[in-house]
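Asker: After the structure tokens below, expect a handful of questions from me.
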Amino acid sequence: MEDFADRVSPNVLKSFLKPLIFLIICVPVALIILGPLGNIIGNALSGVFNTAYNACGWLTIGVMSAIMPFIVMTGMHYALVPFMTINLTTLGFDALVITTMFCSNLAQGGASLGVGLKSKNTETKSEGIACGISAVVAGVTEPAMYGINLRYGRPMTAAVIAAGISGLWCGITGVVAYVAGGSPSIMTLIQFIGGDNPMSGVIFGAIGAVLSIGISFTLSFIMYKDPVEEEEEDEAPDEDASESAPKPLVQTITLSAPMTGEVVKLADVPDQVFASGALGEGVAIVPTVGKVVAPCDAVVSATMDTKHAVGLTTPEGLELLIHVGLNTVELNGKFYDYKVKEGDNVKEGDTLIEFDIDGIKAAGYQLHTPVLVTNSDEYVSIKPVDAANIQVGQDLMTVV
4 MEDFADRVSP NVLKSFLKPL IFLIICVPVA LIILGPLGNI IGNALSGVFN TAYNACGWLT
64 IGVMSAIMPF IVMTGMHYAL VPFMTINLTT LGFDALVITT MFCSNLAQGG ASLGVGLKSK
124 NTETKSEGIA CGISAVVAGV TEPAMYGINL RYGRPMTAAV IAAGISGLWC GITGVVAYVA
184 GGSPSIMTLI QFIGGDNPMS GVIFGAIGAV LSIGISFTLS FIMYKDPVEE EEEDEAPDED
244 ASESAPKPLV QTITLSAPMT GEVVKLADVP DQVFASGALG EGVAIVPTVG KVVAPCDAVV
304 SATMDTKHAV GLTTPEGLEL LIHVGLNTVE LNGKFYDYKV KEGDNVKEGD TLIEFDIDGI
364 KAAGYQLHTP VLVTNSDEYV SIKPVDAANI QVGQDLMTVV
């Protein structure tokens, strides 16, 4: 839905139209379809696990511990909470939810710590250690799960294997929780105190914690490689020397003038929307010739019914808006003629729009034409040329 909303939203309106379309479509789908469907699947899933636990409890604990991250991702673990509550109130203990989440949470933390200590990237290292501590100490696994383990793949595999082994140990040794409180973590070992031999659950649970953290940490540390290392290993020799040449860290894009005329700083444009930079950074031209050409090779990504503006997207992903005149949308296309259509591939210098300068002036409209980089927040610097006048095809601005 997000891709669809992005595709149908014109660049100039994307900042508010894209999320609006997304909400209009997805909120009803979530409430009418996904919510009820999730409830049905969750109840069925909890019934399957409850039946399996009654048939072979220790094996069920091992399997559930291994797949618990994926149950949590879908939110289906909430469907197991009623069974946990029933077990605590009727049997006096629970293993179906608390024990399995204990093994799974610690494994997520151990795998994340393995990445943190193995990675040479400073940001990944700090994230891995912080997310790992959060999962092990507080039982908050989302940062480790989504930020590290799923993101890099192999750490998640390590976490699943470790949780399964730990879960089997806890299932075989009868580790169960006698109270509920807090997200399962190393700090909730006291939940296992109880039964005929009150401390045995804590001892076996501690061993399970060591297995979960230790195995996931070790496997993750061995299996994980920084993305740069993997790219270097997978990179095959290239016969074309030009393709194998090192690329610059920062790419500079030079845009030529799409029209001939007077160069005006964007801040001096007599329209606050453009002058403030709300639609992007750039420069403006007051044209002396009624023609707009492509300032670079690009795809025509947006056209208007009123023909007064055109959007372009370069192969590098730079998004441009050329808006001929101020408030000229009110002309409803009069005095304008498109020479391209949306989706066309254009080369630098190809004609995009032709317009009647005298007609627009006679209608009472100013011809200041902003040339904007609408995704300017993705770039470090947008520097217009320092000139009073410019000819079509001359360098207009550089984007870094």
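For the sequence shown, this note's numbering begins at 4 and goes up steadily by one.
Note that beta-carbon positions come from the ideal geometry of N, C-alpha and C, so glycine has one too.
1. So, does the stretch 342 to 350 touch the stretch 316 to 323, judging by three or more C-beta pairs under 8 Å?
2. With burial defined as no fewer than 16 other Cβ atoms inside 10 Å of the residue's Cβ, what is the status of Lys17: buried or exposed?
3. Take Val15 as the anchor and find which of Gly117, Val313, Phe105, Gly38 has the nearest alpha-carbon.
4. If we call anything under 8 Å between Cβ atoms a contact, is Ala278 one with Val374?
5. Are there three or more Cβ pairs, one per stretch, closer than 8 Å when the stretch 326 to 339 is compared with the stretch 264 to 271?
6. Please give me, in chain order, every unbroken run of the beta strand (DSSP E) with length at least 3 that falls completely inside the stretch 302 to 371.
7. Starting from Lys294, follow its DSSP beta bridges and name the residues at the other end.
8. Return the CA-CA distance between Ala98 and Val51, expressed in angstroms with no decimal places.
9. Decide if Ile356 is buried, meaning its Cβ has at least 16 other Cβ atoms within 10 Å, or exposed.
10. Going along the chain, which unbroken runs of the beta strand (DSSP E) with 3 or more residues stay wholly within the stretch 143 to 198?
11. Just checking my contact of Ala141 with Ser68 at CB under 8 Å: how many whole Å lie between their CB atoms?
12. Going by the beta-carbon positions, is the gap between Thr401 and Thr255 smaller than 8 Å?
13. Tell me which residue opens and which closes the alpha helix (DSSP H) that Glu381 is part of.
14. Quick check on the DSSP output: the beta strand (DSSP E) that includes Ser129 runs from which residue to which?
15. Output the distance between the C-alpha atoms of Ala180 and Ser219, rounded to the nearest integer angstrom.
16. Please report the Cβ distance between Ala114 and Pro158, rounded to the nearest whole angstrom; I am assuming they are in contact, meaning their Cβ atoms lie under 8 Å.
17. Who pairs with Val402 in a beta bridge, going by DSSP?
18. Taking the straight line between their C-alpha atoms, what separation do you get for Lys123 and Asp229?
19. Rounded to whole angstroms, how far is the Cβ of Gly119 from the Cβ of Gly131, which I believe are closer than 8 Å?
20. Mind checking whether Thr354 and Val296 have CB atoms under 8 Å apart?
21. Can you give the beta carbon distance from Thr372 to Met226, rounded, assuming they're within the 8 Å contact cut?
22. Count the other CB atoms, across all protein chains shown, that sit within 10 Å of the CB of Phe96; report buried if there are 16 or more and exposed otherwise.
23. Any idea which residues DSSP pairs Val267 with across the strands?
24. Out of Val66, Met4, Met71, state which residue places its alpha-carbon closest to the alpha-carbon of Leu20.
Answerer: Reading from the atomic positions:
1. no
2. buried
3. Val313
4. One thing to note: Ala278 has its Cβ no nearer than 8 Å to the Cβ of Val374.
5. no
6. 312 to 316, 322 to 326, 339 to 341, 354 to 358
7. Glu357
8. Between Ala98 and Val51, the C-alpha separation is close to 15 Å.
9. buried
10. Within the stretch 143 to 198, not a single complete beta strand (DSSP E) segment reaches 3 residues in length.
11. Actually they are not in contact, since the Cβ atoms of Ala141 and Ser68 sit about 19 Å apart, beyond 8 Å.
12. yes
13. Judged by DSSP secondary structure, Glu381 falls outside any alpha helix (DSSP H); it is assigned neither H nor E.
14. Ser129 -> not in any beta strand (DSSP E); alpha helix (DSSP H) instead, spanning 125 to 136.
15. 23 Å
16. Confirmed, about 4 Å.
17. Val402 pairs with Ile256, Ile385.
18. 7 Å
19. The pair is a contact, with the Cβ atoms about 3 Å apart (cut-off 8 Å).
20. yes
21. The Cβ separation is near 56 Å, so there is no contact.
22. buried
23. Beta-bridge annotation (DSSP): Val267 is paired with Ala287.
24. Met4
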